[in-house]
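K.L.:
Can you keep this structure in mind? I'll have questions shortly.
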């Protein structure tokens, strides 16, 4: 049972004598931990003040010389007792004072727990040089006895600004278009422009509208630009685009100035890129001339998508003003009538259909109109006048054959190797009632990017055709007799499949929009590279222009060695690398290096990889900015024959 001690008992007296001194000690300890004269310097733990400055540092924006920019800062006390700031000063480290104390900037202040104080600092630059200052505070925060807030400014100066690309949609060859682009000085000091240079592409031109003139007043344009732009000032550049063909085109305007960060400002010019583009080989008149009454004359119409990026959609092809249906269409080669469903032609590809002419009278003349509609807003609708007349003269018969040069076997459909030359033979053509007076060979189909031409002329009996790329070639022959009557009946064509014979066939072609007519002195040079896994790009173990026939695999057997067939230094390729009997268990690399641009700008590269004659992989129209860039295209694993896309572009050769 618990019995409390009574105060008059001996035990209670002994306890009181012990507790009294202990209570006195606790009282002294409590007083020692409390505030001393109200300044709180010895507070700690939850009772201590805590300073928080927001922001903890400040970067002033660009400020014109002589103008004022103000920063506002907030001091907060997040602690449990009064925050005492015993000293606050602004230390300006600039050679000439540029910072000023603002509203609320006090030498000393007290901030109760949970409250804040706001003050400001102003910056008035006197020079374009960067400046720096500090706000320094001494406090009773036990963890932050001294607080420093840094104040910084940027490098003042001029700053050029403008659109970095000017794009023209579809502009037909021989026509022109213009647009204005604005160049501004968004900096804080005057911008001095020393030069404005136009790249070497003749499709583009520039002029400078007179300030204050009507932008449409072309007569007021000059060749002079303002040499100095004050802060906030701007001027216009008129960019002209006058394409010589329908191909994509690019150029560049370079502006040299005293902008410390962008002394060279480049403005990219892009024309005829991204829009569908239709070219028709027959022009605006298709004249059958005289054709035998009761016979059917045929003419092939080739439609080419001259855009490198966007599919061309044929939406309708029809005849009008065609009494008695003398003219007709064979749309089967297109795969159907575009009026039923649009026919799509891939970028840089062609499609063919036929116009038929069957006169019913030996003395009459005939006319009709052919219309082609497409998603090329400039060229659609495309109209072709059809002309023809009847005659009692029998039409000649075209007979077309081909053979690989220096061989004897002829064919109308045959195979060959890329880089073979085909001799086309028209000598078996005949005229039942006269003689052949004129030959007309036409390439109806060729592989994408092919530069194949009929040599020395398409109007001789036996021209040659160089198979520069793997793929399908179709060539048609028309003949005319001594009375101008064209061959009729079924078309005379030769079809050649160019199929690589090696296990690996790699093909590089390219287009440089800044080069209208490439030549060895005015063209860009890209190089194809093929890497052995133990080698390095542009060195040992790599096939390229400086190592065209390395000895790989079995050193005693040349049949497993790769080879570079062609090194084209100017004109869009092709460059081909072939490799048979690759080593098992290895992975080979395929790359492209932009060797030299001769100041002509960017190029668009296409690489195709054939495995055992089959097109297994391609990447088309990859943008390569300028010389010095390397494109790691893909890797080939053997013997699986798998091709793995890499598609990595960087400056310089990769480090193995």
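Numbering (the UniProt record's numbering), first residue to last: 1 to 656. Glycine included, C-beta positions come from ideal geometry on N, C-alpha and C.
Could you have a look at residue 373 and say whether DSSP puts it in helix, strand or coil?
P.N.:
Against the chain shown, residue 373 aligns to sequence position 373. In the structure shown, residue 373 sits in a strand (DSSP, three-state: E or B).
K.L.:
Starting from the C-beta of residue 410, find all residues in its chain whose C-beta is less than 8 angstroms away, skip the five residues before and the five after it, and write them out in chain order.
P.N.:
As a position in the chain shown, residue 410 is number 410, starting the count at 1. Answer for residue 410: 401, 402, 403, 425, listed in chain order.
K.L.:
Measuring alpha carbon to alpha carbon, tell me which of 419, 326, 604, 495 ends up nearest residue 444.
P.N.:
For the purposes of this step, residue 444 is taken as residue 444 along the chain shown, with counting starting at 1. Per the Cα distances, 495.
K.L.:
Drop a sphere of 10 angstroms on the beta-carbon of residue 544, count the other beta-carbons inside from all chains shown, and report buried for 16 or more, exposed for fewer.
P.N.:
For the purposes of this step, residue 544 is identified with residue 544 of the chain shown, where counting begins at 1. Buried, since its Cβ has 16 or more Cβ neighbours within 10 Å.
K.L.:
Tell me whether residue 364 is buried or exposed, calling it buried when 16 or more other Cβ atoms sit within 10 Å of its Cβ.
P.N.:
As a first step, residue 364 is located in the chain shown; it is residue number 364 there, counting from the start. Exposed, since its Cβ has fewer than 16 Cβ neighbours within 10 Å.
K.L.:
Give the straight-line distance between the Cα atoms of residue 474 and residue 311, rounded to the nearest whole angstrom.
P.N.:
For the purposes of this step, residue 474 is identified with residue 474 of the chain shown, where counting begins at 1. For the purposes of this step, residue 311 is identified with residue 311 of the chain shown, where counting begins at 1. For residue 474 and residue 311, the distance between alpha carbons rounds to 22 angstroms.
K.L.:
Near residue 428, which residues of its chain fall below 6 angstroms by C-beta distance, leaving aside the five closest residues on each side in sequence?
P.N.:
Within the chain shown, residue 428 is the residue found at index 428, counting from 1. Result list for residue 428: 399, in chain order.
K.L.:
For a test of the three-state rule: what should DSSP assign to residue 305, helix, strand or coil?
P.N.:
Position 305 of the chain shown, counting from 1, holds the residue named residue 305. Here residue 305 sits in strand by DSSP.
K.L.:
So what's residue 324 in DSSP terms, helix, strand or just coil?
P.N.:
Here residue 324 corresponds to residue number 324 of the chain shown, with the count starting at 1. Three-state result, residue 324: helix.
K.L.:
For the beta strand (DSSP E) containing residue 575, name the first residue and the last one.
P.N.:
By one-based count along the chain shown, residue 575 stands at place 575. Per DSSP, residue 575 belongs to the beta strand (DSSP E) from 575-579.
K.L.:
Would a C-beta distance cut-off of 7 angstroms place residue 430 and residue 397 closer than the cut-off?
P.N.:
Taking the chain shown and counting its residues from 1, one reaches residue 430 at position 430. Taking the chain shown and counting its residues from 1, one reaches residue 397 at position 397. Yes. Within cutoff.
K.L.:
For the beta strand (DSSP E) that contains residue 138, what are its first and last residues?
P.N.:
On the chain shown, position 138 is the one that residue 138 refers to. Looking at the DSSP string, the run of the beta strand (DSSP E) that includes residue 138 is 132-139.
K.L.:
Let me make sure I understand the geometry here. Which of 552, 132, 557 has the alpha-carbon closest to that of residue 586?
P.N.:
Within the chain shown, the letter at position 586 stands for residue 586. That would be 552, whose Cα lies nearest to the Cα of residue 586.
K.L.:
Exposed or buried, which one is residue 659 when buried takes at least 16 other CB atoms within 10 Å?
P.N.:
Lying before the first or after the last residue shown, residue 659 is absent from the chain, which here runs from 1 to 656.
K.L.:
What is the DSSP secondary structure of residue 559, reduced to helix, strand or coil?
P.N.:
Sequence index remark: in the chain shown, residue 559 carries index 559 (1-based). Residue 559 falls in the helix class under three-state DSSP.
K.L.:
Three or more beta-carbon pairs under 8 angstroms between the stretch 279-293 and the stretch 307-322, yes or no?
P.N.:
No: the two stretches stay apart, fewer than three of their Cβ pairs being nearer than 8 angstroms.
K.L.:
Do you know offhand how far residue 90's Cα is from residue 154's?
P.N.:
Along the chain shown, read from residue 1 onward, the residue named residue 90 stands at position 90. Along the chain shown, read from residue 1 onward, the residue named residue 154 stands at position 154. Cα-Cα distance, rounded: 19 angstroms.
K.L.:
Could you work out which residue in 542, 227, 72, 484 is closest to residue 192 when comparing CA atoms only?
P.N.:
Position 192 of the chain shown, counting from 1, holds the residue named residue 192. That would be 227, whose Cα lies nearest to the Cα of residue 192.
K.L.:
Should residue 467 go down as buried or exposed, given a rule of 16 or more other Cβ atoms within 10 Å for buried?
P.N.:
As a position in the chain shown, residue 467 is number 467, starting the count at 1. Result: buried.
K.L.:
Just verifying my parser: in three-state terms, what is the DSSP assignment at residue 25?
P.N.:
The count along the chain shown starts at 1 and reaches residue 25 at position 25. Since pLDDT at residue 25 reaches only 40, below the 50 mark, its modelled position is unreliable, and no value is offered.
K.L.:
What's the gap between the Cα of residue 478 and the Cα of residue 574?
P.N.:
Within the chain shown, residue 478 is the residue found at index 478, counting from 1. Within the chain shown, residue 574 is the residue found at index 574, counting from 1. Taking the straight line joining both Cα atoms gives about 30 angstroms.
K.L.:
Please determine, among 57, 277, 82, 457, the residue with the shortest C-alpha to C-alpha distance to residue 376.
P.N.:
Numbered from its first residue, the chain shown carries residue 376 at position 376. For residue 376, the nearest C-alpha among the options comes from 277.
K.L.:
Use the C-beta contact count for residue 549: other C-beta atoms within 10 angstroms, 16 or more gives buried, fewer gives exposed.
P.N.:
Here residue 549 refers to the residue found at position 549 when the chain shown is read from its first residue. It is exposed - the Cβ of residue 549 has fewer than 16 other Cβ atoms within 10 Å.
K.L.:
When the distance is taken between beta carbons, is residue 500 closer than 7 angstroms to residue 471?
P.N.:
Start at 1 with the first residue of the chain shown, and residue 471 comes out as number 471. Start at 1 with the first residue of the chain shown, and residue 500 comes out as number 500. No, they are not a contact pair.
K.L.:
Short of 6 angstroms in beta carbon distance, which residues of its chain neighbour residue 350, apart from the five on each side in sequence? Order them along the chain.
P.N.:
Translated into positions along the chain shown, residue 350 becomes position 350. Taken in chain order, the residues that qualify are 302, 304.
K.L.:
What does DSSP give as the partner residues of residue 178 in its beta bridges?
P.N.:
In the chain shown, the residue the question calls residue 178 occupies position 178. 240.
K.L.:
Comparing alpha-carbon positions, which option in 615, 603, 539, 188 lies nearest residue 66?
P.N.:
Position 66 of the chain shown holds residue 66. When only C-alpha atoms are compared, the closest one is 188.
K.L.:
Given that a residue counts as buried once 16 or more other Cβ atoms are within 10 Å of its Cβ, and exposed if not, what is residue 542?
P.N.:
Here residue 542 is taken as the residue at index 542 of the chain shown, counted from 1. That one is buried.
K.L.:
Give me the Cα-Cα distance between residue 289 and residue 352, rounded to the nearest whole angstrom.
P.N.:
Here residue 289 corresponds to residue number 289 of the chain shown, with the count starting at 1. Here residue 352 corresponds to residue number 352 of the chain shown, with the count starting at 1. Whole-angstrom Cα-Cα distance: 21 angstroms.
K.L.:
Of the residues 531, 507, 596, which one's Cα is nearest the Cα of residue 577?
P.N.:
By 1-based counting over the chain shown, the position of residue 577 is 577. Of the listed residues, the one whose Cα sits closest to residue 577 is 507.
K.L.:
Among 267, 247, 250, which one has its Cα closest to the Cα of residue 256?
P.N.:
Here residue 256 corresponds to residue number 256 of the chain shown, with the count starting at 1. Out of 267, 247, 250, 267 has the C-alpha closest to the C-alpha of residue 256.
K.L.:
Excluding the 5 residues preceding and the 5 following residue 169 in the sequence, name in chain order all residues of the same chain whose CB lies nearer than 7 angstroms to its CB.
P.N.:
Here residue 169 is taken as the residue at index 169 of the chain shown, counted from 1. If we look at residue 169 and ignore the five residues flanking it on each side, its Cβ neighbours are 275.
K.L.:
By a C-beta neighbour count over all protein chains shown, 10 Å radius and 16 as the cutoff for buried, is residue 360 buried or exposed?
P.N.:
Sequence index remark: in the chain shown, residue 360 carries index 360 (1-based). Residue 360 comes out exposed.
K.L.:
Using the Cα positions of residue 77 and residue 164, report the straight-line distance between them to the nearest angstrom.
P.N.:
Locating residue 77 in the chain shown gives position 77, where the first residue counts as 1. Locating residue 164 in the chain shown gives position 164, where the first residue counts as 1. Each residue's Cα considered, the two are about 49 angstroms apart.
K.L.:
Would you kindly work out how many angstroms separate the C-alpha atoms of residue 523 and residue 420, rounded to a whole number?
P.N.:
Here residue 523 refers to the residue found at position 523 when the chain shown is read from its first residue. Here residue 420 refers to the residue found at position 420 when the chain shown is read from its first residue. Straight-line Cα distance between these residues: approximately 25 angstroms.
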